[in-house]
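Colleague: The sequence shown: position 239 = 238 (numbering that gives the first Met the number 0), numbered continuously.
Quick reminder that beta carbons are idealized off the backbone N, C-alpha and C, glycines included.
Sharing a structure below in structure tokens format, with a few things to ask.
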Amino acid sequence: MINVTKPFLPPIEDYQAYIKDIWQRNWVTNNGPLVNELELKLKEYLKLKHMLFLSNGTIAIQIAIKALELRGEIITTPFSYVATTSSIIWEGCTPIYVDIDPLTFNIDPSKIEAAITSHTSAILATHVYGNPCDIDAINVLARKHNLKVIYDAAHCFGTTYKGKSVFEYGDITTTSFHATKIYHSIEGGAVFTNDPELLKKMSFLRNFGHNGPDVFTEVGINGKNSEMHAAMGLCILNYIDAIMDKRKNQWLHYKEILKGLNVQSLALYDANGFNYAYYPIVFSDEEQLLKSVNSLNLNLISPRRYFYPTLNKLPYNKNAAECSVAEALSPRVLCLPLYDSLAVSEQNMIARILLRVQNN
Ligand SMILES: Cc1ncc(COP(=O)(O)O)c(C=O)c1O
0 MINVTKPFLP PIEDYQAYIK DIWQRNWVTN NGPLVNELEL KLKEYLKLKH
50 MLFLSNGTIA IQIAIKALEL RGEIITTPFS YVATTSSIIW EGCTPIYVDI
100 DPLTFNIDPS KIEAAITSHT SAILATHVYG NPCDIDAINV LARKHNLKVI
150 YDAAHCFGTT YKGKSVFEYG DITTTSFHAT KIYHSIEGGA VFTNDPELLK
200 KMSFLRNFGH NGPDVFTEVG INGKNSEMHA AMGLCILNYI DAIMDKRKNQ
250 WLHYKEILKG LNVQSLALYD ANGFNYAYYP IVFSDEEQLL KSVNSLNLNL
300 ISPRRYFYPT LNKLPYNKNA AECSVAEALS PRVLCLPLYD SLAVSEQNMI
350 ARILLRVQNN
């Protein structure tokens, strides 16, 4: 079976060594030494000042919204994973959808201004597939209208924008370290900010609002992560450069072998800063996509319709605006399998099947 993704697992001995230490310390969660070590090592690796390791990428978005005290309307993208929208609604705000750019699939900054009202408090944009948004343009708009900016960078481990980690930008950036991601800690996530006050606030928020054992400064939540998860994150950090190099080669190999396929590919903001996290292809119509998926499935290959449907069409989003670009893209886009242990021969088989469907 070839799935769209398969978690990278380090040699079991690496993980066992950490687990042995955890057993000796008998300290399994609540801001343990491995969580602290992981935060230090990730900051060093990503060349960032501040981050907090959290239980997942969804709670990271919710904590970001809470920390910035957002109210009313949040401008967001219809083309992202459901967690981007559900977090907004969960925090009592209203998502206002702005359509995407047809080439990069990220929110289109030229359409944002028309959606701003007196109720708008922020822009929450996703860097889709690891490809950064037009951060400069979003920044200009946010400053002009005094809006906060959160980036959902769940796909972006290793992505850079203008030479710096993409996690540096916005008031807060969030990410996911879920097992399906290029870098993971089984379950996990993080928030990043350059503002030490915001960092402090989010550190209270992730720990029930505790500011010391008996003092509660904020309404918090349990967003902590465990020593076992941090251990996996630490193990994988030793392999991440090799994983990223391989991912780039696999991505470029798809590009080469799919040259004859009549599909649109992702327009990269900057190939040098891209992390090669996903390989989406866009068919000319949904029928062609469904035929291809069917044929791949018959060969035990499971690509993913990522993201489908668009978020403005979720059943609990009754009055959301139409987003014609995203709605035209979403039924036609397919992410091909891409993970560390995917063999060149398997990629070649996927390409052969896709080309056979097209040419029949
Ligand atoms: C764009 C995006 N945002 C948020 C999330 C949520 O992350 P998590 O699964 O760690 O909660 C995901 C997860 O797939 C995602 O793809």
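Tell me whether Glu-12 is buried or exposed, calling it buried when 16 or more other Cβ atoms sit within 10 Å of its Cβ.
Modeller: Sequence index remark: in the sequence shown, residue 12 carries index 13 (1-based). Classification of Glu-12: exposed, given that the 10 Å Cβ count is below 16.
Colleague: Could you check the C-alpha separation between Arg-70 and Ser-117 for me, to the nearest Å?
Modeller: Counting from one through the sequence shown, the residue named residue 70 turns up at place 71. Counting from one through the sequence shown, the residue named residue 117 turns up at place 118. Distance between the alpha carbons of Arg-70 and Ser-117 is about 11 Å.
Colleague: Could you tell me the distance, in whole angstroms, from the CA atom of Thr-84 to the CA atom of Phe-156?
Modeller: Stepping through the sequence shown from its first residue, residue 84 is reached at position 85. Stepping through the sequence shown from its first residue, residue 156 is reached at position 157. Approximately 21 Å between the Cα atoms of the pair.
Colleague: Below 9 Å between beta carbons: does that hold for Tyr-315 and Ile-74?
Modeller: Taking the sequence shown and counting its residues from 1, one reaches residue 315 at position 316. Taking the sequence shown and counting its residues from 1, one reaches residue 74 at position 75. Cβ atoms of Tyr-315 and Ile-74: not closer than 9 Å.
Colleague: Identify, in the order they occur along the chain, each residue of the same chain with its Cβ nearer than 6 Å to the Cβ of Gly-232, setting aside the five sequence neighbours on each side.
Modeller: In the sequence shown, residue 232 corresponds to position 233, counting from 1. Closer than 6 Å at the Cβ level, and outside the excluded window around Gly-232, lie Leu-37, Ser-184.
Colleague: Return the first residue and the last residue of the beta strand (DSSP E) that Leu-310 is part of.
Modeller: Against the sequence shown, residue 310 aligns to sequence position 311. It is not in any beta strand (DSSP E) - Leu-310 carries neither H nor E in the DSSP assignment.
Colleague: Can you list, in chain order, the residues of its chain with a C-beta nearer than 8 Å to that of Ile-352? Leave out the 5 residues immediately preceding and following it.
Modeller: What you label residue 352 is simply residue 353 of the sequence shown in a count that begins at 1. So the qualifying residues of the chain are Ser-291, Ser-294, Leu-295, Asn-298, Ile-300.
Colleague: Among Pro-101, Leu-257, Met-50, which residue has its Cα nearest to the Cα of Ser-175?
Modeller: Residue 175 sits at position 176 when you count from the first residue of the sequence shown. Cα-wise, what sits closest to Ser-175 is Met-50.
Colleague: Tell me which same chain residues have a C-beta within less than 6 Å of the C-beta of Thr-172, skipping the five on either side of it?
Modeller: Position 173 of the sequence shown, counted from the first residue, corresponds to residue 172. Excluding positions up to five away in sequence, the list reads Tyr-150, Ala-152, Phe-166, Phe-191.
Colleague: Using 8 Å as the cut-off, classify the Cβ of Glu-90 as near or not near the heavy atoms of ligand 2, replying yes or no.
Modeller: Within the structure as shown, ligand 2 is missing, the only ligands being ligand 1.
Colleague: Under 7 Å Cβ to Cβ from Glu-326, same chain only, skipping five residues before and after it: list those, please.
Modeller: For this step, residue 326 is matched to residue 327 along the sequence shown. Closer than 7 Å at the Cβ level, and outside the excluded window around Glu-326, lie Thr-309.
Colleague: Could you tell me whether any non-hydrogen atom of ligand 1 is closer than 8 Å to the CB of Asp-20?
Modeller: Here residue 20 corresponds to residue number 21 of the sequence shown, with the count starting at 1. Every heavy atom of ligand 1 is 8 Å or more from the Cβ of Asp-20, so no.
Colleague: Any idea which residues DSSP pairs Gly-188 with across the strands?
Modeller: Translated into positions along the sequence shown, residue 188 becomes position 189. According to DSSP, which records beta bridges pairwise, Gly-188 is partnered with Leu-53, Ser-175.
Colleague: Quick one: residues in its chain with C-beta nearer than 7 Å to the C-beta of Asn-261, no 5 flanking neighbours on either side, listed in chain order?
Modeller: The residue labelled residue 261 in the question sits at position 262 within the sequence shown. Counting only Cβ-Cβ distances below 7 Å, and skipping sequence neighbours, we find Ser-283, Gln-357.
Colleague: If you reduce the DSSP assignment to three classes, tell me which class Leu-333 lands in.
Modeller: In the sequence shown, the residue the question calls residue 333 occupies position 334. Three-state DSSP puts Leu-333 in a strand.
Colleague: With a cut-off of 8 Å on the beta carbons, I'd call His-154 and His-177 a contact; round off their distance for me.
Modeller: Here residue 154 is taken as the residue at index 155 of the sequence shown, counted from 1. Here residue 177 is taken as the residue at index 178 of the sequence shown, counted from 1. Contact doesn't hold; Cβ gap of about 11 Å is too wide.
Colleague: Would you kindly work out how many angstroms separate the C-alpha atoms of His-209 and Ser-225, rounded to a whole number?
Modeller: For the purposes of this step, residue 209 is identified with residue 210 of the sequence shown, where counting begins at 1. For the purposes of this step, residue 225 is identified with residue 226 of the sequence shown, where counting begins at 1. His-209 and Ser-225: Cα-Cα distance of roughly 17 Å.
Colleague: Go ahead and pull the three-state DSSP assignment for Phe-78.
Modeller: Here residue 78 corresponds to residue number 79 of the sequence shown, with the count starting at 1. In the structure shown, Phe-78 sits in coil (DSSP, three-state: anything other than H, G, I, E or B).
Colleague: What residue does the beta strand (DSSP E) around Ala-121 start on, and which one ends it?
Modeller: Position 122 of the sequence shown holds residue 121. That run of the beta strand (DSSP E) goes 119-125.
Colleague: Decide if the region 97-110 is in contact with the region 50-70; the criterion is three or more beta carbon pairs, one per stretch, under 8 Å apart.
Modeller: As far as the Cβ criterion goes, the region 97-110 does not touch the region 50-70, which means the pair count is below three.
Colleague: When the Cα of Gly-219 is compared with those of Ile-280, Glu-90, Trp-26, Lys-317, which residue comes out closest?
Modeller: Numbered from 1 along the sequence shown, position 220 holds the residue referred to as residue 219. Ranking the options by Cα distance to Gly-219, first place goes to Glu-90.
Colleague: Measure from the alpha carbon of Asn-347 to the alpha carbon of each residue in Val-332, Lys-254, Tyr-305, then state which is nearest.
Modeller: Along the sequence shown, read from residue 1 onward, the residue named residue 347 stands at position 348. Minimum Cα distance to Asn-347 is reached at Lys-254.
Colleague: Going by the C-beta, is Ile-60 closer than 8 Å to any heavy atom of ligand 1?
Modeller: Indexing the sequence shown from 1 puts residue 60 at position 61. Indeed, a heavy atom of ligand 1 lies less than 8 Å from the Cβ.
Colleague: Between which two residues does the beta strand (DSSP E) carrying Tyr-150 extend?
Modeller: Translated into positions along the sequence shown, residue 150 becomes position 151. Run containing Tyr-150: 147-151, per the beta strand (DSSP E) assignment.
Colleague: Is it the case that the CB of Val-423 approaches a heavy atom of ligand 1 more closely than 8 Å?
Modeller: Because the chain is modelled from 0 through 359, residue 423 falls outside the range shown and cannot be assessed.
Colleague: Is any heavy atom in ligand 1 found nearer than 8 Å to the beta carbon of Asn-55?
Modeller: For this step, residue 55 is matched to residue 56 along the sequence shown. Asn-55: yes, Cβ under 8 Å from ligand 1.
Colleague: Give a yes or no on whether the C-beta atoms belonging to Ala-276 and Thr-158 are separated by under 9 Å.
Modeller: Within the sequence shown, residue 276 is the residue found at index 277, counting from 1. Within the sequence shown, residue 158 is the residue found at index 159, counting from 1. Taking 9 Å as the Cβ cut-off, Ala-276 and Thr-158 qualify as a contacting pair.
Colleague: With DSSP as the reference, label Ser-202 as helix, strand or coil.
Modeller: In the sequence shown, the residue the question calls residue 202 occupies position 203. Helix, per DSSP.
Colleague: In terms of residue numbering, what span does the beta strand (DSSP E) encompassing Val-281 cover?
Modeller: Taking the first residue of the sequence shown as 1, we reach residue 281 at position 282. 278-281 is the span of the beta strand (DSSP E), which, as asked, contains Val-281.
Colleague: To which residues of the same chain is Asp-206 closer than 7 Å at the C-beta, ignoring the five residues directly before and after it?
Modeller: Translated into positions along the sequence shown, residue 206 becomes position 207. One point to set straight first is that residue 206 is Asn, not Asp, in the sequence displayed. Hits under 7 Å: Gly-219, Lys-223.
Colleague: Using the Cβ count rule (16 or more neighbours within 10 Å means buried), how would you classify Trp-250?
Modeller: Reading the sequence shown from its first residue, position 251 is the one you call residue 250. Under this definition Trp-250 is a buried residue.
Colleague: Can you grab the Cα-Cα spacing for the pair Lys-317 / Asn-311, in whole Å?
Modeller: Locating residue 317 in the sequence shown gives position 318, counting from the first residue. Locating residue 311 in the sequence shown gives position 312, counting from the first residue. Cα-Cα distance, rounded: 8 Å.
Colleague: Could you pull the start and end residues of the alpha helix (DSSP H) that Pro-32 belongs to?
Modeller: Stepping through the sequence shown from its first residue, residue 32 is reached at position 33. Its alpha helix (DSSP H) spans residues 32-45.
Colleague: Report the option in Ala-320, Ala-319, Phe-306 whose CA atom is closest to the CA atom of Leu-328.
Modeller: The residue given as residue 328 occupies position 329 in the sequence shown. Answer by Cα proximity: Phe-306.
Colleague: With distances taken between CB atoms, is the gap from Asn-130 to Tyr-268 smaller than 9 Å?
Modeller: Numbered from its first residue, the sequence shown carries residue 130 at position 131. Numbered from its first residue, the sequence shown carries residue 268 at position 269. Taking 9 Å as the Cβ cut-off, Asn-130 and Tyr-268 qualify as a contacting pair.
Colleague: Which residues in the same chain have their Cβ closer than 8 Å to the Cβ of Pro-279, if we skip the five residues on either side of it in sequence?
Modeller: Position 280 of the sequence shown, counted from the start, is the residue given in the question as residue 279. Result list for Pro-279: Phe-104, Tyr-128, Ser-264, Leu-265, Tyr-305, Val-332, Leu-333, Cys-334, Leu-335, in chain order.
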